[in-house]
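Enquirer: The listed protein sequences derive, respectively, from chains L and S. 461 is the number of the first residue of the first sequence in this note's numbering; add one for each residue after it. 5 is the number of the first residue of the second sequence in this note's numbering; add one for each residue after it. The structure is given below, and queries will be raised subsequently.
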Amino acid sequence: MWSIDLVRRRMVAASRGRRDRRALVLVETDGHGQRVARCCARARKAGITPGMTLAHARALMPIDGVRLEPFEPERDDAALRSLARWAMRFSPVVAVDPPDGLLLDITGCDRLFGGDRRLVARVGEALDRLGFAHRVAAGPTFGVAWGVARFGGQARAVVADDGATEAMRPLPIASLRVADETVEALDEVGVTRVSEVLALPRSTLPSRFGAELLLRIDRALGSAIETIEPVRLSLPVSVERVFDGPATQAEAIELAAHELLVELCEKLARRESGARRVTLELDRSDLGPIALTVTLSRASRDAEHLWVLLRPRLERADHGFGVERVMLQAWPIERLAHEQISRWHEGPRDQEAELGRLLDTLVNRLGQRGVTRASVVQTHVPERACRRVAATGAGTSPGVRTDEVEAPPRPPLLLTPAQEVKVTALTPDGPPRRIGWSGGESEVTASLGPERIAGEWWRRREPTRDYFAVQDDAGRWLWVYHELETGRWFLHGRWS
Amino acid sequence: MRSAYADIEGSPEAVRQRLREVIRRVEQGGSEVRLADSGVPTGWDAVDSALANQGAGAGMGGLARGAVHEWLGIGEHDTGAPCERGRGPGQGWILPMSLLMHLAARAIRTAGEGEGGGRAAVWIGSRCWPSPSSFAGVYAELLGRSIFLEPRDRVSRLWAIELCLRSGAIDVVVADGARLGMAESRRIQLAAEAGLARGGGGFGLLARPAWEGGAISAAATRWIVRREITPGSASSRSPPRPRWSIELSRCRGSASQSGARWVLEGGDETGIVCVPADVVDRPGSAADGRGLARSA
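Structural data, given as structure tokens:
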């Protein structure tokens with residue numbers, strides 16, 4: 461249900477709170493076509509199950525009653541990770557259990573919440589508020605909690621320290637977290653419950669069903685130790701300075717900010733990381749604090765570079781009646797390895813870093829929209845043939861596609877929008893002979909074409925165009941087109 | 005360093021010239037001297053050989069790196085035609101976009117050999133952004149390395165030009181160079197020299213309006229571009245072949261050659277601008293009677 465809940469949350473956010481009442485099915489595409497990856501409870505009621513082909517699912521439900529969305533496991537994993545960080549309010553040791561589980565080590569934490577029963581209730585309520593379907597169980601081992609949460613009868617359960625075996629007995633084999641093949645192998649010999657596995661002679665299990673089964677049983681019942689890999693919370697790196705009373709001198713504030721920046725970079729260097737965003741906060745007396753933020757295209761802990769970016773912001777900042785506190789924070793941060801200092805700064809690596817610094821400086825002054833790269837879009841309609849994307853990384857950034865640019869040649873100067881012109885042609889579909897615009901008129905001496913570009917059928921009422929490249933008597937090469945439906949002529953570009 | 009000196013050859017005068025250039029760079033404290041990279045060959049034989057015979061201003065083998073080159077756009081007096089408007093009535097101009105693309109692509113190609121990494125071309129001012137769909141074939145690499153900047157005003161445009169030229173990661177800067185004073189032009193030229201010393205290209209191409217031919221500047225060369233009429237009627241198979249004549253109106257360090265003219269043609273099969281076939285073998289007859297393209 462995790463993926464379904466996430467998609468629903470995104471849908472609600474996108475439609476500003478309006479709820480889509482249709483059933484939801486997440487679709488994945490594999491070599492054999494489209495399949496149902498996850499589905500909501502209503503779809504399940506209609507008989508749709510994960511793994512079924514999409515065609516089959518469509519046959520089971522009316523077409524307008526289902527909403528199809530792509531299944532994005534990576535996105536769901538990332539969301540699970542952030543949920544794990546959120547869950548650190550209940551326990552310092554939280555691990556993700558993909559695809560849709562979280563494991564919390566609550567040893568000692570239950571006291572803080574007034575017992576494990578209370579803790580389970582609190583976790584459940586919090587998840588309810590977030591709007592995620594969930595089942596919560598606490599137990600003496602991770603294995604028991606996992607099995608009871610997924611296969612137990614209640615949505616919230618607590619297993620007593622000595623009740624592990626009793627709790628696991630009635631559950632199906634799958635609750636032991638074993639591979640699907642093991643479940644099937646046991647099913648073939650008629651073993652479907654944990655109690656029945658426990659009744660089998662222990663020494664025969666590994667040879668018949670693999671070593672994993674025994675390990676899982678031991679872990680669930682507490683005779684083998686299980687460790688988990690907890691997620692780590694990375695905290696922002698920050699430094700601050702408090703003045704003795706409000707400082708009004710710009711130089712003093714600037715000096716403090718610069719010192720803090722050097723300090724911050726030293727801190728980052730000790731952690732072998734670099735900042736992706738740096739925020740400078742000024743607490744002003746009698747006025748609210750202001751935050752100056754600099755976003756970087758690549759992680760950096762170069763104080764000189766960061767100062768170049770921050771300083772103009774700081775100079776323009778309004779100090780009000782004086783600044784009481786300066787705080788500098790780096791967040792998010794990224795790992796950035798130490799570098800050997802060398803005398804000769806040459807080579808492609810340095811250049812990429814230098815380009816990154818240059819782009820940061822440019823973006824800082826011209827804005828994200830003022831610094832772009834062009835990406836080619838596959839369409840025949842000339843005015844839509846390219847898209848501007850933000851220039852961030854160095855070299856050829858991943859979002860930019862250039863390989864599809866191919867002939868026929870296009871003029872380097874494109875007029876947007878195209879300019880309507882008066883054209884005299886000898887035949888209705890023929891090349892133009894004279895072109896006239898508001899200021900004058902010119903004779904066509906040579907022409908190439910026509911090249912027909914049809915409107916894209918999925919955009920309604922887009923006319924078909926016949927393009928001609930013509931040279932006029934002044935030597936100008938112009939790109940004109942004739943709209944077949946309306947008979948009008950437009951000037952669309954120039955070779956210059 | 006072997007590769008850096010491998011290409012010193014030719015007449016004793018040329019060798020002396022190159023060595024002088026090397027010494028100048030070393031004295032300026034450049035981190036590395038790259039002889040092979042010091043010029044951007046234009047690919048137009050007659051132009052290249054004329055530039056090779058020039059003084060230090062033009063550098064060796066084409067347009068000098070670490071310098072700014074001004075290109076005066078094509079004047080347009082017919083106000084109805086689409087062009088950039090000037091202040092006066094009937095005053096318009098259009099950028100020699102194909103020539104700028106050609107030179108930018110050559111600057112990228114001659115610099116990037118074997119280095120890879122983050123080299124880039126920057127186009128400053130939306131007026132001089134070529135339409136991306138025109139980067140076909142040979143220009144595909146150029147498009148992949150192009151960054152387009154749109155400064156809000158003249159001051160930030162100058163700031164961006166200077167910053168990019170000064171950077172060691174940029175090979176070529178193509179910029180809208182309208183309304184530049186002598187002081188600003190000097191700053192830009194110094195930035196280009198600093199850029200070359202830092203390992204970048206420091207190669208600036210400024211597009212200036214046709215009527216700014218009288219403005220003084222510190223640029224290494226100044227070129228005037230005019231439109232020429234392509235002779236004959238085009239067959240329906242070939243791409244459009246616009247023609248221009250370019251005139252070297254100023255070249256720092258030598259006054260003798262200024263006024264030389266060459267005819268160029270765009271749109272051959274590969275999209276590159278070249279000297280048209282029917283002009284190559286014709287004896288010169290241009291302004292001063294010596295500059296028209298000859299087979300070199």
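We put the beta carbon where it would ideally sit given N, CA and C, even for glycine.
If you drop the 5 nearest sequence neighbours on each side, which residues of the same chain put their C-beta closer than 6 Å to that of Asp285 of chain S?
Expert: For the purposes of this step, residue 285 of chain S is taken as residue 281 along the second sequence, with counting starting at 1. Summary for Asp285 of chain S: the model assigns pLDDT 49, below 50, so the residue's position carries little reliability, and this model does not support an answer.
Enquirer: DSSP three-state label for Pro530 of chain L, please.
Expert: Residue 530 of chain L sits at position 70 when you count from the first residue of the first sequence. Residue state, collapsed to three classes: strand.
Enquirer: Once you ignore the five residues that flank Glu911 of chain L on each side, which residues in its own chain have a CB closer than 6 Å to its CB?
Expert: Here the question's residue 911 of chain L lines up with position 451 in the first sequence. Counting only Cβ-Cβ distances below 6 Å, and skipping sequence neighbours, we find Tyr927.
Enquirer: Can you pull out the residues from the segment 816–846 of chain L whose beta carbon lies closer than 7 Å to at least one beta carbon of chain S?
Expert: Those residues of the segment 816–846 of chain L that come within reach of chain S (Cβ to Cβ, closer than 7 Å) are Leu818, Thr821, Leu822, Arg825, Leu826, Gly830, Val831, Thr832, Arg833, Ala834, Val836, Pro842, Ala845 and Cys846.
Enquirer: Since Trp937 of chain L is in the beta strand (DSSP E), which residue starts that stretch and which ends it?
Expert: Translated into positions along the first sequence, residue 937 of chain L becomes position 477. Its beta strand (DSSP E) spans residues Trp937 to Glu943.
Enquirer: Could you tell me whether the Cβ atoms of Ile128 of chain S and Ile98 of chain S are closer together than 8 Å?
Expert: Locating residue 128 of chain S in the second sequence gives position 124, counting from the first residue. Locating residue 98 of chain S in the second sequence gives position 94, counting from the first residue. Not a contact, by the Cβ cut-off of 8 Å.
Enquirer: If we count Cβ pairs, one from each stretch, closer than 8 Å, do we get three or more for the segment 816–832 of chain L versus the segment 723–736 of chain L?
Expert: The segment 816–832 of chain L is not in contact with the segment 723–736 of chain L.
Enquirer: Under 8 Å between C-beta atoms, does Ser956 of chain L make it to chain S?
Expert: By 1-based counting over the first sequence, the position of residue 956 of chain L is 496. Chain S contact via Cβ: present.
Enquirer: Taking the alpha-carbon positions, what's the Glu901 of chain L to Ile233 of chain S distance?
Expert: Here the question's residue 901 of chain L lines up with position 441 in the first sequence. Here the question's residue 233 of chain S lines up with position 229 in the second sequence. Taking the straight line joining both Cα atoms gives about 17 Å.
Enquirer: Between which two residues does the alpha helix (DSSP H) carrying Phe611 of chain L extend?
Expert: Stepping through the first sequence from its first residue, residue 611 of chain L is reached at position 151. Looking at the DSSP string, the run of the alpha helix (DSSP H) that includes Phe611 of chain L is Phe602 to Phe611.
Enquirer: Taking the alpha-carbon positions, what's the Leu774 of chain L to Leu796 of chain L distance?
Expert: For this step, residue 774 of chain L is matched to residue 314 along the first sequence. For this step, residue 796 of chain L is matched to residue 336 along the first sequence. So the alpha carbons of these two residues sit roughly 26 Å apart.
Enquirer: Based on Cα-Cα distance, which residue from L:Glu922, L:Gln931 and L:Trp949 lies nearest to Asp889 of chain L?
Expert: As a first step, residue 889 of chain L is located in the first sequence; it is residue number 429 there, counting from the start. Answer by Cα proximity: L:Trp949.
Enquirer: Any C-beta of chain L sitting closer than 8 Å to the C-beta of Met186 of chain S?
Expert: Numbered from its first residue, the second sequence carries residue 186 of chain S at position 182. No, Met186 of chain S does not count as interfacial toward chain L.
Enquirer: Which residues in chain L have a C-beta closer than 8 Å to the C-beta of Ala281 of chain S? List them in chain order.
Expert: Numbered from its first residue, the second sequence carries residue 281 of chain S at position 277. Those do not exist, as Ala281 of chain S stays about 17 Å from chain L at its closest Cβ, beyond 8 Å.
Enquirer: Give the single residue among L:Arg527, L:Ala659 and L:Val841 whose Cα lies nearest to the Cα of Glu916 of chain L.
Expert: Mapped onto the first sequence, residue 916 of chain L falls at position 456. Closest by alpha carbon: L:Val841.
Enquirer: What distance in whole Å lies between the Cβ atoms of Arg870 of chain L and Ser138 of chain S, which are believed to be in contact at a cut-off of 8 Å?
Expert: The residue you call residue 138 of chain S lines up with position 134 of the second sequence. The residue you call residue 870 of chain L lines up with position 410 of the first sequence. That belief holds up - the Cβ atoms of Ser138 of chain S and Arg870 of chain L are roughly 5 Å apart, short of 8 Å.
Enquirer: Between the segment 162–184 of chain S and chain L, which residues of the former have CB atoms less than 8 Å from a CB of the latter, in chain order?
Expert: Answer in chain order: Trp163, Ala164, Leu167, Cys168, Ser171, Gly172, Ala173 and Ile174.
Enquirer: Starting from the beta carbon of Thr234 of chain S, find every residue of chain L whose beta carbon is closer than 9 Å, and list them in chain order.
Expert: Numbered from its first residue, the second sequence carries residue 234 of chain S at position 230. The contacting residues are Thr905, Ala906, Gln931, Gly935 and Trp937.
Enquirer: Can you check which of these residues, L:Thr887, L:Arg893 and L:Pro872, is closest to Val881 of chain L by C-alpha distance?
Expert: Here residue 881 of chain L corresponds to residue number 421 of the first sequence, with the count starting at 1. Among L:Thr887, L:Arg893 and L:Pro872, the Cα nearest to that of Val881 of chain L belongs to L:Arg893.
Enquirer: For Gly682 of chain L, which residues of its own chain have a beta-carbon under 7 Å away from its beta-carbon, when the five flanking residues on both sides are left out?
Expert: Here residue 682 of chain L is taken as the residue at index 222 of the first sequence, counted from 1. The residues are Pro600, Thr601 and Ala624.
Enquirer: Comparing the C-beta of Glu644 of chain L with each C-beta of chain S, is any distance below 8 Å?
Expert: Taking the first residue of the first sequence as 1, we reach residue 644 of chain L at position 184. By this cut-off, Glu644 of chain L is not an interface position.
Enquirer: Taking 8 Å as the threshold (beta carbon to beta carbon), is Phe207 of chain S in contact with chain L?
Expert: The sequence position of residue 207 of chain S within the second sequence is 203, counting from 1. So no, Phe207 of chain S is outside the interface.
Enquirer: Which two residues bound the contiguous alpha helix (DSSP H) that contains His718 of chain L?
Expert: Along the first sequence, read from residue 1 onward, the residue named residue 718 of chain L stands at position 258. Ala710 to Arg730 is the span of the alpha helix (DSSP H), which, as asked, contains His718 of chain L.
Enquirer: I need the straight-line Cα distance from Gly61 of chain S to Trp955 of chain L, nearest angstrom please.
Expert: Numbered from its first residue, the second sequence carries residue 61 of chain S at position 57. Numbered from its first residue, the first sequence carries residue 955 of chain L at position 495. Residue confidence is low: Gly61 of chain S scores 42 on pLDDT, short of 50, so the model does not pin down where it sits. Its coordinate-derived value is still stated next. About 31 Å.
Enquirer: Reducing DSSP to helix, strand and coil, say where Ile633 of chain L ends up.
Expert: As a working mapping, residue 633 of chain L is identified with position 173 in the first sequence. In the structure shown, Ile633 of chain L sits in a helix (DSSP, three-state: H, G or I).
Enquirer: Rounded to a whole number of angstroms, what is the C-alpha to C-alpha distance between Asp282 of chain S and Arg265 of chain S?
Expert: Within the second sequence, numbered from 1, the residue matching residue 282 of chain S stands at position 278. Within the second sequence, numbered from 1, the residue matching residue 265 of chain S stands at position 261. If I take the Cα positions, the gap works out to 16 Å.
Enquirer: According to DSSP, which residues form a beta bridge with Gly2 of chain S?
Expert: The shown model of chain S, from 5 to 300, leaves out residue 2 of chain S, and the question about it has no answer.
Enquirer: Taking only beta-carbon positions, decide if Leu268 of chain S is within less than 8 Å of chain L.
Expert: Position 264 of the second sequence, counted from the start, is the residue given in the question as residue 268 of chain S. No, no contact with chain L.
Enquirer: Mind checking which residues open and close the alpha helix (DSSP H) that includes Arg616 of chain L?
Expert: Within the first sequence, numbered from 1, the residue matching residue 616 of chain L stands at position 156. Arg616 of chain L -> not in any alpha helix (DSSP H); beta strand (DSSP E) instead, spanning Arg616 to Val618.
Enquirer: Taking only three categories from DSSP, how would you classify Val472 of chain L?
Expert: In the first sequence, counting from the first residue as 1, residue 472 of chain L sits at position 12. Reduced to three states, the DSSP call for Val472 of chain L is helix.
Enquirer: Starting from Cys278 of chain S, trace the alpha helix (DSSP H) both ways and give me its first and last residue.
Expert: Here the question's residue 278 of chain S lines up with position 274 in the second sequence. It is not in any alpha helix (DSSP H) - Cys278 of chain S carries neither H nor E in the DSSP assignment.
Enquirer: Looking at chain L, is there any beta carbon in it that lies within less than 8 Å of the beta carbon of Leu153 of chain S?
Expert: Along the second sequence, read from residue 1 onward, the residue named residue 153 of chain S stands at position 149. Taking Cβ atoms only, chain L reaches closer than 8 Å to Leu153 of chain S, which makes this a yes.
Enquirer: Between L:Ala684, L:Ser745, L:Gly607 and L:Glu672, which has its C-alpha nearest Pro706 of chain L's C-alpha?
Expert: On the first sequence, position 246 is the one that residue 706 of chain L refers to. If we check each option's Cα against that of Pro706 of chain L, L:Ser745 comes out closest.
Enquirer: Keeping to the same chain, check which residues put their C-beta closer than 6 Å to that of Asp52 of chain S; ignore five residues upstream and five downstream.
Expert: Position 48 of the second sequence, counted from the first residue, corresponds to residue 52 of chain S. The residues are Pro45, Thr46 and Gly66.
Enquirer: Using a Cβ-Cβ distance cut-off of 8 Å, determine whether Ala124 of chain S contacts chain L.
Expert: For the purposes of this step, residue 124 of chain S is taken as the residue at position 120 of the second sequence. Yes, because at least one Cβ of chain L sits closer than 8 Å to the Cβ of Ala124 of chain S.
Enquirer: Which whole-angstrom value describes the C-beta separation of Ser135 of chain S and Leu874 of chain L, a residue pair presumed to lie in contact below a C-beta threshold of 8 Å?
Expert: Start at 1 with the first residue of the second sequence, and residue 135 of chain S comes out as number 131. Start at 1 with the first residue of the first sequence, and residue 874 of chain L comes out as number 414. Yes, they are in contact, since the Cβ atoms of Ser135 of chain S and Leu874 of chain L sit about 4 Å apart, within 8 Å.
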